[in-house]
Amino acid sequence: MDGAAKHGHLAIVHWLHANRTEGCTERAMDGAAAKGQLEMVQWLHSNRNEGCTTAAMDAAARSNHLETLLWLSENRNEGCTIAAMNLAAKNGHLPVVEWLHEHRTEGCSTDAMDLAAADGHLDIVQWLHTNRGEGCTASAIDNAAAGGHLDVIRWLHGNCKEGCTAAAMDNAAANGHLDLVKWLHENRKEGCTVAAIDRAASEGCSAKAFVNATAAGELEILMWLFAHHRHQLGRDRLRIYALGKFYILHWLKMEAGTSEREAFIGEVNPLAQA
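For what it's worth, our numbering labels the leading residue of the sequence shown as 1, then goes sequentially.
Here it is, written out as structure tokens:
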């Protein structure tokens, strides 16, 4: 019955209810709410005693089922958690976020703005900044960089004090966002700390940015990083990650000096023997 309810098969739920004794669990109404199956939710409420959990409203909010969300709020007592607004924000459901803000008291956490920024929902980010007090963390810019959301990053940079970390440029490099790599290089003023594994520091990126760009085969980004942050190169790592990407190894051979050529390529690059 749980599965049939989740997928909206009301006739099957009716039959199971009338002819079987196994019944269902709270997952029946939780699952139906997650899918926006309001008729199913209402039937279970009227004919079964298992009820639901806070997951029902949380999931309805996440999936933009506002009508189901309203009904649950008015007819059930389980309520929701901060996950409702956090997940609605992540998925760009502004009307749901606004409704939760106006009609519920659970609120949200910094995850709401962080997740909205990561998925490029600038309207949500701006609304949360204006109407809520939780704010965001450095993860907002860091993860927006991974998605290439330059408009979000520009707005956060100009309106929020949390800044970002080395992960911002690392993420942008890994995902091929050269415009973002350049913007971060030109506009970051707060400096950053580098992950301990990198054992280095710079104004805009860590050695991981080079590793990410090399592993992803992003030669254009690697060339730009090489020109602006050459001192950050993690040579042994680059050599490892470049295996199988001979066009990158060839570029490294042509670009690097004698000592660097040996460190980068050595015996692993067939082109070095050409």
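Idealized CB from N, CA, C, for every residue including glycine.
Once the 5 residues before and after Cys-24 are set aside, which same chain residues still bring their CB inside 7 Å of it?
Correct list, in chain order: Met-1, Asp-2, Ala-5, Arg-48, Glu-50.
Mind reading off the beta-carbon distance from Val-281 to Thr-81? Whole number of angstroms is fine, and I expect it under 8 Å.
Residue 281 lies beyond the stretch modelled for the chain, which goes from 1 to 274, so this question has no answer here.
With His-103 as the anchor, note down where its alpha helix (DSSP H) starts and where it stops.
For His-103, the enclosing alpha helix (DSSP H) begins and ends at 94 to 103.
Would you identify the three-state DSSP class for Met-1, choosing helix, strand or coil?
In the structure shown, Met-1 sits in coil (DSSP, three-state: anything other than H, G, I, E or B).
In whole angstroms, what is the alpha-carbon distance linking His-14 and Cys-108?
Looking at the two C-alpha atoms, the distance is approximately 37 Å.
Option in Leu-87, Gly-147, Ser-46 with minimal Cα separation from Ala-55:
Taking each of Leu-87, Gly-147, Ser-46 in turn and checking the Cα distance to Ala-55, the smallest one comes out for Leu-87.
Are the beta-carbon atoms belonging to Met-57 and Ala-89 less than 8 Å from one another?
No, they are not a contact pair.
With DSSP as the reference, label Thr-165 as helix, strand or coil.
In the three-state DSSP reduction, Thr-165 falls in the coil class, being neither helix nor strand.
Indicate the three-state DSSP secondary structure (helix, strand or coil) for Gln-126 in the structure shown.
In the structure shown, the three-state DSSP call for Gln-126 is helix.
Does Ala-172 pass the burial test, meaning 16 or more other C-beta atoms within 10 Å, or should it be called exposed?
Ala-172 should be labelled buried.
Going by beta carbon distance, what residues of the same chain come within less than 8 Å of Glu-78, once the five residues before and after it are set aside?
Taken in chain order, the residues that qualify are Gly-51, Cys-52, Thr-53, Thr-54, Ala-56, Met-57, Leu-72.
Using the Cα positions of Cys-278 and Lys-35, report the straight-line distance between them to the nearest angstrom.
Here the chain covers residues 1 to 274 and nothing more, so residue 278 does not appear.
Closest by CA to Gly-92, which one among Gln-126, His-185, Ala-146?
Nearest C-alpha to Gly-92: Gln-126.
Looking at the structure shown, is Leu-10 part of a helix, part of a strand, or coil, going by DSSP?
Per DSSP, reduced to three states, the secondary structure at Leu-10 is helical.
Can you name the start and end residues of the alpha helix (DSSP H) that Lys-182 belongs to?
Here the alpha helix (DSSP H) through Lys-182 covers 178 to 187.
Over what stretch of residues does the alpha helix (DSSP H) that includes Arg-27 continue unbroken?
26 to 34 is the extent of the alpha helix (DSSP H) around Arg-27.
CA-to-CA distance, Trp-43 to Glu-26, given in whole angstroms
Taking the CA atoms as reference points, Glu-26 sits about 13 Å from Trp-43.
Could you compute how far the alpha carbon of Leu-10 sits from the alpha carbon of Asp-170?
So the two alpha carbons sit approximately 49 Å from each other.
Cβ shell of Leu-16 (< 6 Å), same chain only, five flanking positions each side left out
These residues qualify, in order along the chain: Met-1.
Check each candidate in Arg-76, Glu-22, Asp-151, Trp-183 and name the one with the smallest Cα separation from Ile-124.
Of Arg-76, Glu-22, Asp-151, Trp-183, the smallest CA-CA separation from Ile-124 is found for Asp-151.
If you draw a straight line from the alpha carbon of Ala-18 to that of Cys-160, how long is it in whole angstroms?
Across the structure, Ala-18 and Cys-160 are spaced so that their CA atoms are roughly 57 Å apart.
Take the Cβ of Arg-62 as the centre, count every other Cβ of all protein chains shown within 10 Å, and call the residue buried at 16 or more, exposed below.
Counting Cβ neighbours within 10 Å, Arg-62 comes out buried, since at least 16 surround it.
May I ask you to report which of helix, strand or coil DSSP gives Arg-76?
Arg-76: coil per DSSP, three-state reduction.
By a C-beta neighbour count over all protein chains shown, 10 Å radius and 16 as the cutoff for buried, is Glu-162 buried or exposed?
Its Cβ being crowded by 16 or more others within 10 Å, Glu-162 is buried.
Can you tell me the Cβ-Cβ gap for Gly-147 and Gly-120, rounded? I've got them flagged as a contact below 8 Å.
Contact holds; Cβ gap of about 6 Å.
What residues in its chain sit with their C-beta under 7 Å from that of Leu-66, if we drop five residues either side in the sequence?
If we look at Leu-66 and ignore the five residues flanking it on each side, its Cβ neighbours are Pro-95, Val-96, Trp-99.
Out of Ala-59, Met-29, Thr-105, Leu-180, which one is the CA nearest neighbour of Ile-141?
Restricting attention to Ala-59, Met-29, Thr-105, Leu-180, the CA atom closest to the CA of Ile-141 is found in Leu-180.
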